[in-house]
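Numbering (this note's numbering), first residue to last: 6 to 381. For each residue, glycine too, the CB sits at the ideal point set by N, CA and C. Structure first, then comments.
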Ligand code: HEM
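This is the structure in structure tokens:
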């Protein structure tokens, strides 16, 4: 009996406590709700403008929205002179890093090593391209001193730029395990200085090259035939007509001029960080001629990211092209190197590879220097 009374009393107390709790909670909530109601829309507008509402809750503002904007690189204001510091998270930098450390390095290696493999295969299958008629014993002047100075100035600058550039791109992965971090860093630092300064001799070289050789590199009707016959490179006894430069050489020339100019522009952009607006201008011009889809509002950081990617991509493609050029100008073809060595080539070589040019030279009235000379 007593036990049952105790149970009933506990039940009653429990129900009372529950009822009090409910009342208490209503008592707290009711005045706030009423207060909010009484202040009407003005308060909620004010609160909404910042996204927050009274009561310490986020209201319409959202953490994820906030961080999404930060992640997208929204720019706040800072009082220091470098306004770029107002960007808290530069997401483009991550994509840039991923591209540079991934596809750029991997496909870049494919392009360069692929070209070396192709040239090795070509050498095995075709061998050295010989002067079919044999050496004539007479030489003919092909390039003067200024031509050769220009060629070797450009060539040495480019080769050193290529080596130091590749050192910076792949050195970390390939060379630090071999030679250690400290020697790598010392060489990389000197390589960077060399890369910066050699760029000027390279620019002088391509400007001179353009002035000296552009007249010989305007496409003509013989170029199409030359290309259709593969320049006679893949078959013996085939020698398509050519003036001073054949279609293959014209392609090399224009790659060097246009690729070199593009390397120079992006390289200068990298040398003077955040000071150029090359990509903004380029994309605006492209948009103006109807090529849509590229960002016309390019931030200084994006400019730098695009400079590095473009510079490395064009540089690697040029390295592959120049490897093929070096091959054919040296071991790949008998008699070719002399053109840039002594400046004089064997007459039979000239007739086989540049017959129209030989005809032009021989028909020139009084130019003894360009007439066939006895071989030394
Ligand atoms: C050891 C490296 C090199 C060798 C052995 C070499 C060899 C030659 C030779 C023999 C010629 C004359 C071809 C002819 O008479 O028809 C030539 C022309 C030329 N070279 Fe080089 N070269 C080298 C590096 C370079 C580099 C690095 C560049 C530019 C970045 C370059 C750009 C040119 C151009 C534009 C021409 C005229 C077009 C042509 O003949 O293809 N050369 N080179």
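Asked: Determine the DSSP secondary structure at residue 286, reduced to helix, strand or coil.; Found: helix
Asked: In whole angstroms, give me the CA-to-CA distance for residue 164 and residue 286.; Found: 31 Å
Asked: Taking DSSP's pairing of strands, which residues face residue 152 in a bridge?; Found: Looking at the DSSP assignment, residue 152 forms no beta bridge with any residue, so it has no partner.
Asked: Under DSSP, the alpha helix (DSSP H) around residue 316 begins and ends at which residues?; Found: 305-334
Asked: Whose C-beta lies closer than 7 Å to the C-beta of residue 340 among residues of the same chain, with five residues either side of it excluded?; Found: 136, 350, 351, 354
Asked: What three-state label does DSSP hand residue 359 in the structure shown?; Found: coil
Asked: Helix, strand or coil for residue 242 per DSSP?; Found: coil
Asked: Quick one: is the Cβ of residue 218 within less than 7 Å of any heavy atom of ligand 1?; Found: yes
Asked: Could you pull the start and end residues of the alpha helix (DSSP H) that residue 143 belongs to?; Found: Premise fails: residue 143 lies in the beta strand (DSSP E), 143-146, not in any alpha helix (DSSP H).
Asked: Does the region 249-260 come into contact with the region 150-164, if we say contact requires no fewer than three beta-carbon pairs (one atom in each stretch) closer than 8 Å?; Found: no
Asked: Please work out which residues of its chain come closer than 6 Å, Cβ to Cβ, to residue 271, disregarding the five sequence neighbours upstream and downstream, and give them in chain order.; Found: 312, 315, 316
Asked: Could you check the C-alpha separation between residue 363 and residue 228 for me, to the nearest Å?; Found: 17 Å
Asked: First and last residue of the beta strand (DSSP E) that includes residue 351?; Found: 349-351
Asked: Do you know whose CA, among 126, 96, 150, 109, lies nearest residue 348's CA?; Found: 150
Asked: Determine the extent of the alpha helix (DSSP H) in which residue 213 is found, giving its start and end residues.; Found: 186-218
Asked: Answer yes if the region 132-147 comes into contact with the region 180-196, meaning at least three C-beta pairs across the two stretches below 8 Å, and no otherwise.; Found: no
Asked: Contact between the region 249-256 and the region 216-227: three or more CB pairs below 8 Å?; Found: yes
Asked: Give the straight-line distance between the Cα atoms of residue 49 and residue 269, rounded to the nearest whole angstrom.; Found: Because residue 49 sits at a pLDDT of 48, beneath the cut-off of 50, its placement in the model cannot be relied upon, and the point is left open.
Asked: Would you kindly work out how many angstroms separate the C-alpha atoms of residue 255 and residue 174, rounded to a whole number?; Found: 30 Å
Asked: Cβ of residue 148 within 8 Å of Cβ of residue 344?; Found: yes
Asked: Hey, how far is the Cα of residue 122 from the Cα of residue 290?; Found: 39 Å
Asked: Is it buried or exposed, residue 299, if we count other Cβ atoms within 10 angstroms and call 16 or more buried?; Found: exposed
Asked: Would you say residue 78 and residue 95 are within 8 Å of each other, going by their C-beta atoms?; Found: yes
Asked: Do residue 264 and residue 212 have their CB atoms nearer than 8 Å?; Found: no
Asked: At which residue ranges does the region 63-96 contain complete alpha helix (DSSP H) runs of 4 or more residues, listed in the order of the chain?; Found: 68-76
Asked: Here's the rule: buried if 16 or more other CB atoms are within 10 angstroms of the residue's CB, otherwise exposed. What is residue 358?; Found: buried
Asked: Just to confirm the assignment, what range does the alpha helix (DSSP H) spanning residue 126 have?; Found: 110-131
Asked: Is any heavy atom of ligand 2 found at a distance shorter than 7 Å from the C-beta of residue 341?; Found: In the structure on display, ligand 2 does not appear, and the ligands it does have are ligand 1.
Asked: Could you tell me whether the Cβ atoms of residue 322 and residue 116 are closer together than 8 Å?; Found: yes
Asked: Considering only the beta carbon of each residue, do residue 279 and residue 303 sit closer than 8 Å?; Found: no
Asked: Taking only heavy atoms of ligand 1 into account, decide whether any of them is closer than 7 Å to the Cβ of residue 250.; Found: yes
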